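Visitor:
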Amino acid sequence: MNIISQKSNGLKGTVTIPADKSISHRSAMFSALTGGVCEIQNYSLGADCISTLNIVKELGCEVEFIGEKHLRIDAKNAFKKDRYKLDCGNSGTSMRLFAGIMASYEAESTLFGDASLSKRPMKRVILPLELMGAKFKHNDYKAPLIIQGGELFPIDYKTPIASAQVKSCILLAGLNTVGETKITEPYVSRDHTERMLKYLGADIVTDCNVTKIKKSKLTPKNFKICGDISSAAFFMVAAAIVPNSEIIIKNVGLNPTRTGIVEVMQQMGADIQILDSHTECNEQVGDIRIKSSELKAITIEGEIIPRLIDELPVIAVLATQAAGTTIVKDAQDLRNKESDRIKCLVTELRKIGVQIEESPDGFVIEGKQNLKGDAGLECYHDHRLAMSLYVAGLICEKSVCINEFQWVDISFPEFLPLMQTLT
Ligand code: S3P
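Take the sequence shown: its position 243, counting from 1, is numbered 262 in our numbering, and each next residue is one higher.
The structure is reproduced here in structure tokens:
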């Protein structure tokens with residue numbers, strides 16, 4: 020599906036952002052681990068979270084939709100087979116977290132995915148799981164991964180990258196391993212796994228960038244999932260850069276390990292207010308009001324990078340409208356996402372007239388720039404690139420056409436209809 024994005028005269032109104040992808044994945048996975056019955060309200064209907072749900076079914080759970088986004092998972096018959104074939108689709112979170120789960124169960128599991136997922140690095144989870152005693156077959160550390168699971172040993176592991184997927188993989192293996200498993204990250208990454216495992220009664224302790232877990236039994240509970248700040252980010256940036264905009268985004272997850280985007284936008288001078296902040300299922304949630312304003316450039320580097328890693332493509336679009344030099348560094352892992360997000364972003368933004376310089380671990384943008392548009396753009400099968408380019412189209416002099424826009428369905432099938440309610 021090719022779609023057109025064109026200059027907007029101002030975004031106005033209120034939108035409710037659909038469920039957080041990271042939290043949805045975990046709610047379904049951990050429901051399966053409870054061995055009981057859990058209900059999940061407001062589950063993400065993005066293709067990635069549906070991949071996780073299909074895996075949960077394959078593992079023996081009964082999964083029933085009792086409302087449009089309201090699920091019931093009965094896990095009493097889970098983990099009874101000797102062999103599993105688990106299709107992770109396009110979802111890195113499914114593959115890396117299920118690798119940790121399946122490594123500690125007495126079964127042979129094959130984890131596979133689509134062409135993009137089969138190219139993504141899995142060494143980061145294979146190495147620590149092998150240290151715990153798991154046996155893998157793989158093709159140069161890429162999917163498909165065949166895991167011979169069984170009893171594991173606890174490890175004290177220092178990971179070289181701040182990655183919630185790596186941390187969660189090790190914690191999930193540790194959850195079913197006698198002794199204390201410890202992981203230290205260079206910087207704090209998103210902590211939804213830790214919060215949700217605590218909510219379900221696991222013996223898990225976090226002190227800054229160090230997390231320890233002991234073998235625990237989880238208690239079945241119900242979940243209510245908040246909106247995804249990574250999806251909200253496209254609306255936040257759009258409202259900040261399209262003149263005459265003022266919008267409210269309802270029900271957004273405001274976990275501090277995810278709010279790097281809010282901090283960066285505030286530092287750049289965006290007019291943002293947080294309203295009605297409260298806690299639900301051990302996660303902070305609130306509404307965000309945002310108006311268009313003058314923006315200034317900043318440098319984005321170091322500890323904040325894992326707290327806004329998925330928002331960097333749309334931050335590049337934001338930076339085109341900020342006066343001065345915006346520098347993004349320490350973000351080399353952007354090259355290992357659904358696409359090489361540095362290279363692909365630079366290539367596509369240049370087509371619409373953006374002056375942007377690529378660096379090994381980020382990019383540099385001089386603002387404020389006029390964007391000419393008038394181009395056909397590729398999204399490289401990458402949902403976040405597709406939505407970032409759509410937001411760029413809202414400030415281009417002439418319209419842009421984005422090819423294969425259906426890739427947004429991976430995380431945010433409601434993106435276009437929601438955006439259209441504001442324009
Ligand atoms: C995720 C962690 C991040 C993020 C991804 C979702 C998660 O990946 O980019 O979209 O749910 O744990 P990394 O852990 O590889 O940084």
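Each residue gets a CB set at the ideal place from its N, CA and C atoms; glycine is no exception. The structure displayed is predicted, hence computed values, not measured ones.
Should G79 be flagged as near chain B, meaning a C-beta pair shorter than 7 Å?
Guide: Among the chains in the structure shown there is no chain B, since it carries only a single protein chain.
Visitor: When the Cα atoms are used, what is the spatial distance from P239 to R115?
Guide: Counting from 1 along the sequence shown, the entry for residue 239 is found at position 220. Counting from 1 along the sequence shown, the entry for residue 115 is found at position 96. Their backbone Cα atoms lie some 23 Å apart in a straight line.
Visitor: What does L396 pair with, by DSSP beta-bridge criteria?
Guide: Here residue 396 corresponds to residue number 377 of the sequence shown, with the count starting at 1. Paired residue(s): I421.
Visitor: In the structure shown, what three-state DSSP assignment does T112 receive?
Guide: Against the sequence shown, residue 112 aligns to sequence position 93. T112: helix per DSSP, three-state reduction.
Visitor: Measure the beta-carbon distance from I260 to Q340 and round it to whole angstroms, keeping in mind my assumption that it falls under 8 Å.
Guide: As a working note, residue 260 is residue 241 in the sequence shown. As a working note, residue 340 is residue 321 in the sequence shown. 4 Å between Cβ atoms; contact.
Visitor: Suppose you measure from the CA of D352 to the CA of G372; what does that come to, to the nearest Å?
Guide: The residue labelled residue 352 in the question sits at position 333 within the sequence shown. The residue labelled residue 372 in the question sits at position 353 within the sequence shown. Those two C-alpha atoms are separated by around 26 Å.
Visitor: Taking buried to mean at least 16 other C-beta atoms within 10 Å of its own C-beta, is C68 buried or exposed?
Guide: Your numbering for residue 68 matches position 49 in the sequence shown. Buried is the call here.
Visitor: Please confirm if the region 55-66 is in contact with the region 320-337, defined as three or more CB-CB distances below 8 Å between the two stretches.
Guide: Output reads no: the region 320-337 does not touch the region 55-66.
Visitor: Using 10 angstroms around the beta-carbon of P147, count the other beta-carbons present and answer buried if the total reaches 16, otherwise exposed.
Guide: Mapped onto the sequence shown, residue 147 falls at position 128. P147 is buried by the Cβ-count criterion.
Visitor: Should L294 go down as buried or exposed, given a rule of 16 or more other Cβ atoms within 10 Å for buried?
Guide: If you number the sequence shown from 1, residue 294 lands on position 275. Its Cβ having fewer than 16 others within 10 Å, L294 is exposed.
Visitor: Quick one: complete alpha helix (DSSP H) runs, 4+ long, within the region 114-191?
Guide: Complete alpha helix (DSSP H) runs here, min 4: 142-150.
Visitor: State the start and end residues of the unbroken alpha helix (DSSP H) segment that holds F431.
Guide: As a working mapping, residue 431 is identified with position 412 in the sequence shown. First-last for F431: undefined, no H or E at that position.
Visitor: Could you name the residues that DSSP lists as bridge partners for K315?
Guide: Stepping through the sequence shown from its first residue, residue 315 is reached at position 296. The partner list for K315 (beta bridge, DSSP) reads A342.
Visitor: Can you list, in chain order, the stretches of the beta strand (DSSP E) that have 3 or more residues and sit fully within the region 53-97?
Guide: List check, beta strand (DSSP E) in window: 56-60, 81-84, 90-93.
Visitor: Buried or exposed, going by whether 16 or more other CB atoms sit within 10 Å of the CB of G108?
Guide: Translated into the one-based positions of the sequence shown, residue 108 becomes position 89. Flag for G108 reads buried.
Visitor: Counting Cβ pairs closer than 8 Å, one from the region 188-197 and one from the region 118-134, do we hit at least three?
Guide: Flag = yes, the region 188-197 and the region 118-134 touch.
Visitor: Would K186 pass as a contact of I202 if the rule is Cβ separation under 7 Å?
Guide: Within the sequence shown, numbered from 1, the residue matching residue 186 stands at position 167. Within the sequence shown, numbered from 1, the residue matching residue 202 stands at position 183. Closer than 7 Å, so yes.
Visitor: Would you say the region 154-167 touches the region 130-137, given that touching needs at least three Cβ pairs under 8 Å?
Guide: As far as the Cβ criterion goes, the region 154-167 touches the region 130-137, which means the pair count is three or higher.
Visitor: Would you kindly check if the distance between the Cβ of L171 and the Cβ of S123 is under 7 Å?
Guide: Counting from 1 along the sequence shown, the entry for residue 123 is found at position 104. Counting from 1 along the sequence shown, the entry for residue 171 is found at position 152. Contact: yes.
Visitor: Could you pull the start and end residues of the alpha helix (DSSP H) that V271 belongs to?
Guide: Along the sequence shown, one-based indexing puts residue 271 at 252. Looking at the DSSP string, V271 is not in any alpha helix (DSSP H); the run it does join, the beta strand (DSSP E), is 265-272.
Visitor: So what's C415 in DSSP terms, helix, strand or just coil?
Guide: What you label residue 415 is simply residue 396 of the sequence shown in a count that begins at 1. It is a strand residue.
Visitor: Is L390 helix, strand or coil when you go by DSSP?
Guide: As a position in the sequence shown, residue 390 is number 371, starting the count at 1. In the structure shown, L390 sits in a strand (DSSP, three-state: E or B).
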